[in-house]
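Asker: What follows is a single structure, and I will ask about it in a moment.
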Amino acid sequence: MTELKRTRITKRLVDALEPGQIAWDSEVRGFGVRCQRQAKVYILKATIQGRQRWLTIGEHGSPWTPDTARHEAQRLWGTIRGGGDPTAARKAASAKPTVAQLCERYLQEHARQHKKPRSIQTDESNIRNHILPLLGALPVSEVTQADIDRFKRAVRNGETATPGASRSTSFHGGAVVAGGPGIANRCVSLLSKMFNLAERWGWRSAGANPTRHIEKYREAKRERYLSLEEIERLGAAFYTAEIEGSESLYALSALRLLLLTGARLSEILSLQWEWIDLTKQMIRLPDSKTGQKLIFLNKPAIQVLERVPRTNGNPHVICGNRPSAHLVNLQKPWQRICATSGLEGVRLHDLRHSFASAAVNSGLTLPMIGKLLGHKRTETTARYSHLADDPIRIANDHVGKSIAAALGSLHGGQPTRDARDDLS
């Protein structure tokens, strides 16, 4: 091994190491990194009970970075100076399942057996991007509430985020990873389920779930409802994009269907022609987020479907670029449409909220709206109950104007003939 000049170990230094080189840290004695043919490994060279030992901290990469490995080296020094032997502790700990092993078993034996593909992808993303880097090396039986609290704060503060990513950034399936209170809450919920399973599997004492009593962060409500004026601008942007050919007809059809049906994005993107019954004006989804589901088609939605070109050999309505595939992402066309129509802060899922808002303002009852949206639980539809106040306010304004006109003026005057007609 060729030893380099002692300096502070950084990611840049580690990336530049060549096989056969070893670098020693200038801050923590005995802490170093050596470059082998297949990997770069963090190490600690120390004298333990009179014998020089080389301790392996771990390979460079998740969860080991120069900073996390340096912290581990400092922790090992604390054990050594206290008269302990970290190698003995490691041998004992190696027999205990780690959080990383719990994550793998959770995915294999629970998630892939009981959850839908999109939910599995979300779990895998949160595990890979947040849970493994921060908790993966810990023994399942030794994780404490303090560990979960630190984890929650770290994710909220973006410590696992891609550099430069906004906390509100969310690109499913992309390379950008962001933190924030919402992601932290969902990761804690995922950990709660995994630790419940750990108790069932005998990896942790019963009733000792470390996520218990961990308070979740308050999240700002994200519902956004398009006004009729905004929908008009959106329609104009759709028309312009179609005439100019700047967006594919498949993408535009998907966006129109989202707004006209209130369906979920995944339901429209994966839609197949055989599921559509134009005679009965409905779509029968064999499997959705809530199981088998009916989507009711109004005449404008049917008109959109009738204009979608069918592709031989492709069963999907919203065809993708590859044979037999459907579009998987509308983010880029949606962002361009929003820019053209001057809409800000509108997510694709807000088209579903806007459908619900229009239904409420049309006078439909919450049970009817729940049926249209495919909700299984009335509590889910109840989130739109506050919108029902708007028609009442409109009616109240109409009554008030009629009475005020009959009075002639709030400060005196003669009633008008129209007012007398309104009140008769």
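Just so you know, we're using the working numbering here: the sequence shown kicks off at 10 and counts up by one. Using N, Cα and C, we set each Cβ at its ideal position, and we do this for glycine too. Nothing here was measured: the structure is a model prediction, and the numbers come from that model.
Check whether the Cβ atoms of leucine 85 and leucine 111 sit closer than 9 Å, and answer yes or no.
Answerer: As a first step, residue 85 is located in the sequence shown; it is residue number 76 there, counting from the start. As a first step, residue 111 is located in the sequence shown; it is residue number 102 there, counting from the start. No, they are not a contact pair.
Asker: If you measure between the beta carbons of leucine 199 and isoleucine 129, is that distance less than 9 Å?
Answerer: Indexing the sequence shown from 1 puts residue 199 at position 190. Indexing the sequence shown from 1 puts residue 129 at position 120. Cβ atoms of leucine 199 and isoleucine 129: not closer than 9 Å.
Asker: For the segment 259 to 270 and the segment 318 to 329, state whether three or more C-beta atom pairs, one from each stretch, are separated by less than 8 Å.
Answerer: yes
Asker: Quick check on the burial criterion: 16 or more other C-beta atoms within 10 angstroms. Buried or exposed for glycine 91?
Answerer: By one-based count along the sequence shown, residue 91 stands at place 82. Here glycine 91 is exposed, its C-beta having fewer than 16 other C-beta atoms within 10 Å.
Asker: Measuring CA to CA, which of Gly372, Arg127, Asn194 is closest to arginine 159?
Answerer: Here the question's residue 159 lines up with position 150 in the sequence shown. For arginine 159, the nearest C-alpha among the options comes from Asn194.
Asker: Measure the Cβ-Cβ separation of threonine 349 and alanine 246 and say whether it is below 9 Å.
Answerer: Position 340 of the sequence shown holds residue 349. Position 237 of the sequence shown holds residue 246. Their beta carbons are under 9 Å apart, which means threonine 349 touches alanine 246 by this criterion.
Asker: Rounded to a whole number of angstroms, what is the C-alpha to C-alpha distance between alanine 120 and valine 149?
Answerer: Numbered from 1 along the sequence shown, position 111 holds the residue referred to as residue 120. Numbered from 1 along the sequence shown, position 140 holds the residue referred to as residue 149. Approximately 19 Å between the Cα atoms of the pair.
Asker: Alpha carbon to alpha carbon, how far is threonine 288 from proline 309?
Answerer: The residue you call residue 288 lines up with position 279 of the sequence shown. The residue you call residue 309 lines up with position 300 of the sequence shown. Cα to Cα, threonine 288 sits roughly 14 Å from proline 309.
Asker: DSSP on glutamate 238, reduced to helix/strand/coil?
Answerer: Counted from its first residue, the sequence shown places residue 238 at position 229. Secondary structure of glutamate 238 (DSSP, three-state): helix.
Asker: Which term fits tyrosine 248, buried or exposed, when burial requires 16 or more other beta carbons within 10 angstroms of its beta carbon?
Answerer: Your numbering for residue 248 matches position 239 in the sequence shown. That one is exposed.
Asker: Secondary structure at glutamine 45, three-state DSSP: helix, strand or coil?
Answerer: Locating residue 45 in the sequence shown gives position 36, counting from the first residue. In this structure, glutamine 45 counts as coil in the three-state DSSP scheme.
Asker: Under 8 Å by Cβ, that's how I've got glycine 254 and glutamate 228 pegged, so tell me the actual separation to the nearest angstrom.
Answerer: Taking the first residue of the sequence shown as 1, we reach residue 254 at position 245. Taking the first residue of the sequence shown as 1, we reach residue 228 at position 219. The pair is not a contact, with the Cβ atoms about 40 Å apart (cut-off 8 Å).
Asker: Buried or exposed for proline 318, please, with buried defined as at least 16 other CB atoms from any protein chain shown within 10 angstroms of its CB.
Answerer: Reading the sequence shown from its first residue, position 309 is the one you call residue 318. Proline 318 is exposed by the Cβ-count criterion.
Asker: With a threshold of 16 other CB atoms inside 10 Å of the CB of alanine 367, please say whether the residue is buried or exposed.
Answerer: On the sequence shown, position 358 is the one that residue 367 refers to. With 16 or more Cβ atoms within 10 Å of its Cβ, alanine 367 is classed as buried.
Asker: So the candidates are Ser275, Leu243, Glu81, Ala334; which of them puts its Cα closest to the Cα of tryptophan 343?
Answerer: For the purposes of this step, residue 343 is taken as residue 334 along the sequence shown, with counting starting at 1. Of the candidates Ser275, Leu243, Glu81, Ala334, the one whose C-alpha sits nearest the C-alpha of tryptophan 343 is Leu243.
Asker: For valine 50, would you say it is in contact with chain D, using Cβ-to-Cβ distances shorter than 9 Å as the test?
Answerer: Chain labels in this structure do not include chain D; a single protein chain is all it has.
Asker: Please report the straight-line C-alpha distance between arginine 273 and arginine 361, rounded to a whole angstrom.
Answerer: In the sequence shown, the residue the question calls residue 273 occupies position 264. In the sequence shown, the residue the question calls residue 361 occupies position 352. Roughly 7 Å separates the two Cα atoms.
Asker: With a threshold of 7 Å on Cβ separation, who are the neighbours of arginine 436 within its own chain once the five nearest residues in sequence on each side are excluded?
Answerer: Because the chain is modelled from 10 through 433, residue 436 falls outside the range shown and cannot be assessed.
Asker: Could you pull out every unbroken alpha helix (DSSP H) segment of at least 4 residues lying fully inside the segment 218 to 282, listed in chain order?
Answerer: 237 to 253, 258 to 270, 274 to 278
Asker: Using the rule of at least 16 other Cβ atoms within 10 Å of the residue's Cβ for burial, across every protein chain shown, is asparagine 138 buried or exposed?
Answerer: Position 129 of the sequence shown, counted from the first residue, corresponds to residue 138. Label assigned to asparagine 138: buried.
Asker: Could you compute how far the alpha carbon of glutamate 238 sits from the alpha carbon of glycine 351?
Answerer: Stepping through the sequence shown from its first residue, residue 238 is reached at position 229. Stepping through the sequence shown from its first residue, residue 351 is reached at position 342. Cα to Cα, the separation comes out at about 11 Å.
Asker: Considering just the uninterrupted stretch of the alpha helix (DSSP H) at glycine 211, what are its terminal residues?
Answerer: On the sequence shown, position 202 is the one that residue 211 refers to. Unbroken run through glycine 211: none, as it is neither H nor E.
Asker: Contact defined as beta carbons within less than 8 Å: I believe glycine 145 pairs with proline 72. What is the distance between those atoms, to the nearest angstrom?
Answerer: What you label residue 145 is simply residue 136 of the sequence shown in a count that begins at 1. What you label residue 72 is simply residue 63 of the sequence shown in a count that begins at 1. The Cβ separation is near 5 Å, so the contact holds.
Asker: Of the residues Ile292, Ser279, Gly372, which one's Cα is nearest the Cα of arginine 127?
Answerer: Numbered from 1 along the sequence shown, position 118 holds the residue referred to as residue 127. Cα-wise, what sits closest to arginine 127 is Ser279.
Asker: Would you say alanine 263 and arginine 345 are within 9 Å of each other, going by their C-beta atoms?
Answerer: Residue numbering aside, residue 263 sits at position 254 when the sequence shown is read from its first letter. Residue numbering aside, residue 345 sits at position 336 when the sequence shown is read from its first letter. Contact flag unset, no.
Asker: Can you tell which of Asn307, Gly39, Ile292, Ser236 has its C-alpha closest to the C-alpha of leucine 269?
Answerer: For this step, residue 269 is matched to residue 260 along the sequence shown. The candidate whose alpha carbon is nearest that of leucine 269 is Asn307.
Asker: Quick one: residues in its chain with C-beta nearer than 6 Å to the C-beta of lysine 225, no 5 flanking neighbours on either side, listed in chain order?
Answerer: Along the sequence shown, read from residue 1 onward, the residue named residue 225 stands at position 216. Counting only Cβ-Cβ distances below 6 Å, and skipping sequence neighbours, we find Asn194.
Asker: Does the separation of the CB atoms of alanine 55 and isoleucine 31 fall below 9 Å?
Answerer: Indexing the sequence shown from 1 puts residue 55 at position 46. Indexing the sequence shown from 1 puts residue 31 at position 22. No, the Cβ-Cβ distance between alanine 55 and isoleucine 31 is not below 9 Å.
Asker: With DSSP as the reference, label arginine 176 as helix, strand or coil.
Answerer: Mapped onto the sequence shown, residue 176 falls at position 167. Residue placement at arginine 176 is poorly supported in this model, since its pLDDT is 43, which falls under 50; the coordinates still yield a value, given next. Of the three classes helix, strand and coil, the one that applies to arginine 176 here is coil, per DSSP.
Asker: Determine the DSSP secondary structure at methionine 291, reduced to helix, strand or coil.
Answerer: Position 282 of the sequence shown, counted from the first residue, corresponds to residue 291. Methionine 291 falls in the strand class under three-state DSSP.
Asker: Bridge partners of glutamine 30, per DSSP?
Answerer: Against the sequence shown, residue 30 aligns to sequence position 21. Glutamine 30 pairs with Thr11.
Asker: Taking C-alpha atoms, which residue in Arg43, Gly354, Leu381 lies nearest to lysine 302?
Answerer: By one-based count along the sequence shown, residue 302 stands at place 293. The option with the nearest alpha carbon to lysine 302 is Leu381.
Asker: Thinking alanine 82 and isoleucine 57 are a contact (beta carbons under 8 Å), I'd like their distance in whole angstroms, please.
Answerer: Your numbering for residue 82 matches position 73 in the sequence shown. Your numbering for residue 57 matches position 48 in the sequence shown. At roughly 14 Å, the Cβ-Cβ gap does not stay under 8 Å, so alanine 82 and isoleucine 57 are not in contact.
Asker: Quick check: what's the CA-CA separation for glutamate 12 versus isoleucine 136?
Answerer: One-based indexing of the sequence shown puts residue 12 at position 3. One-based indexing of the sequence shown puts residue 136 at position 127. Straight-line Cα distance between these residues: approximately 36 Å.
Asker: Quick one: what's glutamate 68 bridged to in DSSP?
Answerer: As a first step, residue 68 must be located in the sequence shown, where it is residue number 59. Answer is Val50, bridged to glutamate 68.
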